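Novice: For the working numbering, count along the sequence shown from 1 and bump the result up by 21. Next up is a structure, given as structure tokens.
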Amino acid sequence: MNSNKFPRGLKLVKKLDGGSAASIFLVKDEQEQLCVLKGAAKTDDSKSLKQDFLVYEWLAGKVPVPVIHFFKEDDTIEWLCIEWIDGTTLAELPEAEQLVRIYAQALRLLHEVPLDSHAPVYSLDARLNEARIRIEKGWVDTADFEEEFSNYTTAQLWDELTKYKPTEADLVFTHGDYCPDNLIVHDGVVAAFIDMGRGGVADRYQDVALAIRSLKHESLENLIPLFLQHYGLTYLDENKLRFYTLLDEFF
Ligand SMILES: Nc1ncnc2c1ncn2[C@@H]1O[C@H](COP(=O)(O)OP(=O)(O)O)[C@@H](O)[C@H]1O
Ligand SMILES: [Mg+2]
Numbered sequence: 022m023n024s025n026k027f028p029r030g031l032k033l034v035k036k037l038d039g040g041s042a043a044s045i046f047l048v049k050d051e052q053e054q055l056c057v058l059k060g061a062a063k064t065d066d067s068k069s070l071k072q073d074f075l076v077y078e079w080l081a082g083k084v085p086v087p088v089i090h091f092f093k094e095d096d097t098i099e100w101l102c103i104e105w106i107d108g109t110t111l112a113e114l115p116e117a118e119q120l121v122r123i124y125a126q127a128l129r130l131l132h133e134v135p136l137d138s139h140a141p142v143y144s145l146d147a148r149l150n151e152a153r154i155r156i157e158k159g160w161v162d163t164a165d166f167e168e169e170f171s172n173y174t175t176a177q178l179w180d181e182l183t184k185y186k187p188t189e190a191d192l193v194f195t196h197g198d199y200c201p202d203n204l205i206v207h208d209g210v211v212a213a214f215i216d217m218g219r220g221g222v223a224d225r226y227q228d229v230a231l232a233i234r235s236l237k238h239e240s241l242e243n244l245i246p247l248f249l250q251h252y253g254l255t256y257l258d259e260n261k262l263r264f265y266t267l268l269d270e271f272f
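Here is the structure:
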């Protein structure tokens, strides 16, 4: 996606790096204000930006999220333009204990948001259904599996997943992709939750599992107890942890 296709009035400052298929740009609008523009082609396997938009809209005023400038779509492309947040990602913080403390406290803040009937929902059935479609279409990347599952086929991993399916849900508002590069911090406090296209009402372990996985990836296992202490969990449900970690392998 290049800047010739940008919505009118936006000028490219630089391309930003992200993990998803969406293209992300730092741009200036007609008032010379910095904004972040995300664009996604409407192909079957790309994540819709509509959900980011709905989640930011519902969370506005409840926890720090970027202000939405606009969401636009035509038959082939979606555009989401949001406020640029000054700061760095949590992943860039050099001090491990500070990183872990902010990571945990921010999650507690998000999970304490009171739910109402307008809260976007991302049910487990919807997630499992999506995972099944991704398997059928051959979109699951086995090369990307965690080391522990590196010689599993997709079907074997699915079998493993179903063994751990929880029978009850502890519903809160979840981020959905709670990695340290999806939090912007400024002066040691959370300036914004970003990249919330998988956000919605779901089990708290959706986020707890990905946070613990991220800490392991960053060789911060020793700080998991500190994370749990600041988040406020005294007991860790290992089955749920395994289930939600496994589930993410399909996305
Ligand atoms: N509103 C924003 N303000 C500041 N930086 C942002 C903003 N949105 C995205 N970024 C930067 O761009 C990176 C990728 O954006 P993100 O929305 O997470 O895309 P992806 O879905 O590809 O992971 C982020 O990790 C962050 O560094
Ligand atoms: Mg991201």
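Cβ atoms here follow ideal geometry from the backbone N, Cα and C, with glycine treated the same way. Here the structure is a predicted model, which is why all the values come from computation and not from measurement.
Using only the heavy atoms of ligand 2, determine whether one of them is closer than 8 Å to the beta carbon of N203.
Specialist: True, at least one ligand heavy atom lies under 8 Å from that Cβ.
Novice: Skipping 5 residues on each side, what residues in its chain have a beta carbon closer than 6 Å to that of A230?
Specialist: Excluding residues within five positions, the ones whose Cβ falls inside 6 Å are L262, Y265 and T266.
Novice: Skipping 5 residues on each side, what residues in its chain have a beta carbon closer than 6 Å to that of S144?
Specialist: None.
Novice: How close, in whole Å, do the beta carbons of L120 and P201 come, if the pair is a contact with beta carbons under 8 Å?
Specialist: Indeed, because the Cβ distance is near 7 Å, the residues count as touching under 8 Å.
Novice: Is T195 near ligand 1, with its Cβ less than 8 Å from a heavy atom?
Specialist: Checking the Cβ of T195 against ligand 1 gives no.
Novice: For E99, I'd like the list of residues in its chain whose CB is within less than 6 Å of its CB, leaving aside the five on either flank, ordered along the chain.
Specialist: The residues are A61 and L70.
Novice: Mind checking whether T195 and L131 have CB atoms under 9 Å apart?
Specialist: Against a cut-off of 9 Å, the Cβ pair of L131 and T195 comes out as a contact.
Novice: So, helix, strand or coil for H251, using DSSP?
Specialist: Looking at H251 - three-state DSSP - the assignment turns out to be helix.
Novice: Pull up the DSSP beta-bridge partners for C102, would you.
Specialist: Partner(s): L58 and F91.
Novice: Reducing DSSP to helix, strand and coil, say where S235 ends up.
Specialist: Note: S235 maps to helix in three-state DSSP.
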